[in-house]
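Peer 1: Here you go, one structure.
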Amino acid sequence: MMRIVLLGAPGSGKGTQAQRLQAKFNVPQISSGDLLRDAVARKTALGLKAKAAMEAGQLVSDDIVLGLIRERLSQADAQNGFILDGFPRNSDQAATLSKLLVDIGQPLEAVLLMDVRTRTLIERMAGRRICKHCGKVFSVSALPSDMSCKSNSNGHELYQRVDDKEDVIAKRLDVYKSQTKPLIDHYSKLGLLKVIKGEGTLELITARMEAALAKSGSKTEKVKRKAARKTASNNSSVKPAAKKASRKKVAAKRKAAPVKKPAVVKKKKVVARKPARKTVKKSAARKPARKK
Ligand code: AMP
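The sequence shown begins at 21 in the numbering used here and counts up by one.
Structure, rendered in structure tokens:
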């Protein structure tokens with residue numbers, strides 16, 4: 021079971037790493053950005069409302085995002101865990117999420133913060149190109165020679181996200197700083213935060229994330245066992261105060277009369293009794309019936 025949030029600035033690699041963890045652990049990546057882009061592409065009522073804010077690098081209103089996330093978390097594949105990517109993004113969303121997860125009995129296990137330098141964030145976003153067909157993400161520094169995705173033999177065209185243009189990138193980083201960054205402190209106080217160095221090869225970053233999750237998993241197990249012991253003793257019909265009193269009483273009795281070794285009781289030989297014979301009257305048995 022994996023119930024985690026990936027926190028980090030735009031361009032910190034949340035989406036890429038969420039996809040890798042999703043494939044490894046078989047829990048769905050739930051990306052608020054992807055859900056919104058899908059709604060925009062399908063021109064749903066929510067999508068039409070969200071479009072302008074997204075293109076300007078602003079946050080979409082909480083009620084729209086929360087509606088999409090609530091609906092997505094209720095789907096069957098999210099019942100065994102989830103990787104939240106890009107959600108929550110402000111303190112109101114974090115509060116609503118924790119209430120929602122408590123209500124459905126699926127509290128968060130960890131929040132992984134992808135820590136990346138601002139210079140690298142800008143380079144990554146400005147150089148990001150995406151396949152129109154399969155959504156695979158490329159970097160301009162490592163593009164295929166014909167600038168297409170090879171997910172089929174003809175090659176698919178790549179595009180740049182409207183909000184990956186430089187002026188919008190700056191806005192998105194500002195929004196992250198003012199609205200999302202305070203969540204670092206929030207989750208740190210809750211003891212859920214793990215900081216992951218988000219630079220290096222994809223494999224190295226995934227390995228760091230897995231190591232952090234393994235640590236938090238064993239911690240969660242310890243906390244669970246402690247909670248189970250506490251619940252068991254709370255559920256016991258004997259109250260703790262009564263237990264203490266009874267222990268004191270036994271100790272006092274032992275002091276007053278030291279416990280003697282129990283006397284050896286000799287076992288009596290048990291002789292098996294023969295079953296009582298049925299006695300038949302001799303006279304009745306022997307005397308033949310008189311002939312008349
Ligand atoms: P992302 O793909 O996570 O970078 O998100 C792209 C855009 O979608 C953001 O710049 C926001 O406009 C919008 N967005 C994504 N997630 C949220 C969220 N949790 N709350 C509000 N807006 C969001």
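Note that CB positions come from ideal geometry on N, CA and C, so glycine has one too.
Going by DSSP, what residue range makes up the alpha helix (DSSP H) through Y207?
Peer 2: Locating residue 207 in the sequence shown gives position 187, where the first residue counts as 1. Taken as a continuous stretch (DSSP letters only), the alpha helix (DSSP H) holding Y207 covers 202–209.
Peer 1: What does the shell around ligand 1 hold, if a residue joins when its beta-carbon is under 5 Å from any heavy atom?
Peer 2: P30, S52, G53, L56, M74, L79, V80, V85, G106, F107, R109
Peer 1: Can you find at least 3 beta carbon pairs, one from the region 138–155 and one from the region 225–237, that sit closer than 8 Å?
Peer 2: no
Peer 1: Kindly indicate which three-state DSSP category R149 falls into: helix, strand or coil?
Peer 2: The count along the sequence shown starts at 1 and reaches residue 149 at position 129. Here R149 sits in strand by DSSP.
Peer 1: Buried or exposed: which applies to I124, given that a residue is buried once 16 or more other Cβ atoms fall within 10 Å of its Cβ?
Peer 2: Along the sequence shown, one-based indexing puts residue 124 at 104. The residue in question, I124, is exposed, as its Cβ has fewer than 16 Cβ neighbours within 10 Å.
Peer 1: So, are the CB atoms of V131 and L213 less than 8 Å apart?
Peer 2: Sequence index remark: in the sequence shown, residue 131 carries index 111 (1-based). Sequence index remark: in the sequence shown, residue 213 carries index 193 (1-based). It is a contact, given that the beta carbons lie within the stated cut-off.
Peer 1: What's the gap between the Cα of C344 and the Cα of N46?
Peer 2: Residue 344 cannot be examined here, being either before or after the span of the chain that is shown, 21 to 312.
Peer 1: For the region 127–196, which segments carrying the alpha helix (DSSP H) assignment without a break, of at least 4 residues, lie completely within its bounds, in sequence order?
Peer 2: 138–146, 186–195
Peer 1: Within its chain, find whatever has a CB closer than 6 Å to the CB of L16; leave out the 5 residues flanking it on each side and keep chain order.
Peer 2: Because the chain is modelled from 21 through 312, residue 16 falls outside the range shown and cannot be assessed.
Peer 1: Answer yes or no: do L88 and S52 have a C-beta to C-beta separation smaller than 8 Å?
Peer 2: Mapped onto the sequence shown, residue 88 falls at position 68. Mapped onto the sequence shown, residue 52 falls at position 32. Going by C-beta atoms, L88 is nearer than 8 Å to S52.
Peer 1: What residues in its chain sit with their C-beta under 6 Å from that of G101, if we drop five residues either side in the sequence?
Peer 2: On the sequence shown, position 81 is the one that residue 101 refers to. For G101, where only same-chain residues beyond five positions count, the Cβ hits under 6 Å are M21, M22, R23, V47.
Peer 1: Round the Cβ separation of L26 and M167 to the nearest angstrom and send it over; I've been treating them as touching at under 8 Å.
Peer 2: Numbered from 1 along the sequence shown, position 6 holds the residue referred to as residue 26. Numbered from 1 along the sequence shown, position 147 holds the residue referred to as residue 167. At roughly 29 Å, the Cβ-Cβ gap does not stay under 8 Å, so L26 and M167 are not in contact.
Peer 1: Are the CB atoms of L141 and I103 within a distance shorter than 8 Å?
Peer 2: Numbered from 1 along the sequence shown, position 83 holds the residue referred to as residue 103. Numbered from 1 along the sequence shown, position 121 holds the residue referred to as residue 141. Against a cut-off of 8 Å, the Cβ pair of L141 and I103 comes out as no contact.
Peer 1: Indicate whether E75 and V182 have their beta-carbon atoms separated by less than 8 Å.
Peer 2: Locating residue 75 in the sequence shown gives position 55, counting from the first residue. Locating residue 182 in the sequence shown gives position 162, counting from the first residue. It is a contact, given that the beta carbons lie within the stated cut-off.
Peer 1: Heavy atom of ligand 3 less than 7 Å from the Cβ of V80, yes or no?
Peer 2: The model on display carries ligand 1 but not ligand 3.
Peer 1: Quick one, are the C-beta atoms of G77 and R192 less than 8 Å apart?
Peer 2: Counted from its first residue, the sequence shown places residue 77 at position 57. Counted from its first residue, the sequence shown places residue 192 at position 172. Yes; because the gap between Cβ atoms is below 8 Å, this pair is in contact.
Peer 1: If you count every other CB in all the chains shown that lies within 10 Å of the CB of L203, and 16 or more means buried, which is it?
Peer 2: Within the sequence shown, residue 203 is the residue found at index 183, counting from 1. Buried, since its Cβ has 16 or more Cβ neighbours within 10 Å.
Peer 1: Using the Cα positions of Q180 and L86, report the straight-line distance between them to the nearest angstrom.
Peer 2: Within the sequence shown, residue 180 is the residue found at index 160, counting from 1. Within the sequence shown, residue 86 is the residue found at index 66, counting from 1. Cα to Cα, Q180 sits roughly 27 Å from L86.
Peer 1: Provide the residue(s) that pair with M22 in DSSP beta bridges, ordered along the chain.
Peer 2: One-based indexing of the sequence shown puts residue 22 at position 2. DSSP, once it has assigned bridges, lists G101 as partnering M22.
Peer 1: Applying the criterion that 16 or more other CB atoms from any shown protein chain within 10 Å of the CB defines a buried residue, is G106 buried or exposed?
Peer 2: Here the question's residue 106 lines up with position 86 in the sequence shown. Classification of G106: buried, given that the 10 Å Cβ count is 16 or more.
Peer 1: Based on DSSP bridge pairs, tell me the residues matched to Q49.
Peer 2: Here residue 49 refers to the residue found at position 29 of the sequence shown. I103.
Peer 1: I216 by DSSP, collapsed to three states: which one?
Peer 2: Within the sequence shown, the letter at position 196 stands for residue 216. Of the three classes helix, strand and coil, the one that applies to I216 here is strand, per DSSP.
Peer 1: Sort Q95, A114, V157, V60 by Cα distance to D82 and report the nearest one.
Peer 2: Taking the first residue of the sequence shown as position 1, residue 82 is located at position 62. The option with the nearest alpha carbon to D82 is A114.
Peer 1: Would you mind giving the Cβ-Cβ distance between L93 and I50, rounded to the nearest angstrom? I have them listed as a contact below 8 Å.
Peer 2: If you number the sequence shown from 1, residue 93 lands on position 73. If you number the sequence shown from 1, residue 50 lands on position 30. L93 to I50, Cβ: 7 Å. Contact.
Peer 1: Going by DSSP in three states, L321 sits in which element: helix, strand or coil?
Peer 2: Given that the chain is displayed from residue 21 to residue 312, the structure contains no residue 321 and the question cannot be resolved.
Peer 1: Alpha carbon to alpha carbon, how far is R149 from S316? Give it in angstroms, no decimals.
Peer 2: Outside the modelled stretch of the chain, which goes from 21 to 312, sits residue 316, for which no answer is possible.
Peer 1: Excluding the 5 residues preceding and the 5 following K156 in the sequence, name in chain order all residues of the same chain whose CB lies nearer than 6 Å to its CB.
Peer 2: By one-based count along the sequence shown, residue 156 stands at place 136. Correct list, in chain order: C169.
Peer 1: Give me the residue from S208, D112, C151, A72 with the minimum Cα distance to L178.
Peer 2: As a first step, residue 178 is located in the sequence shown; it is residue number 158 there, counting from the start. The shortest Cα separation from L178 among S208, D112, C151, A72 belongs to C151.
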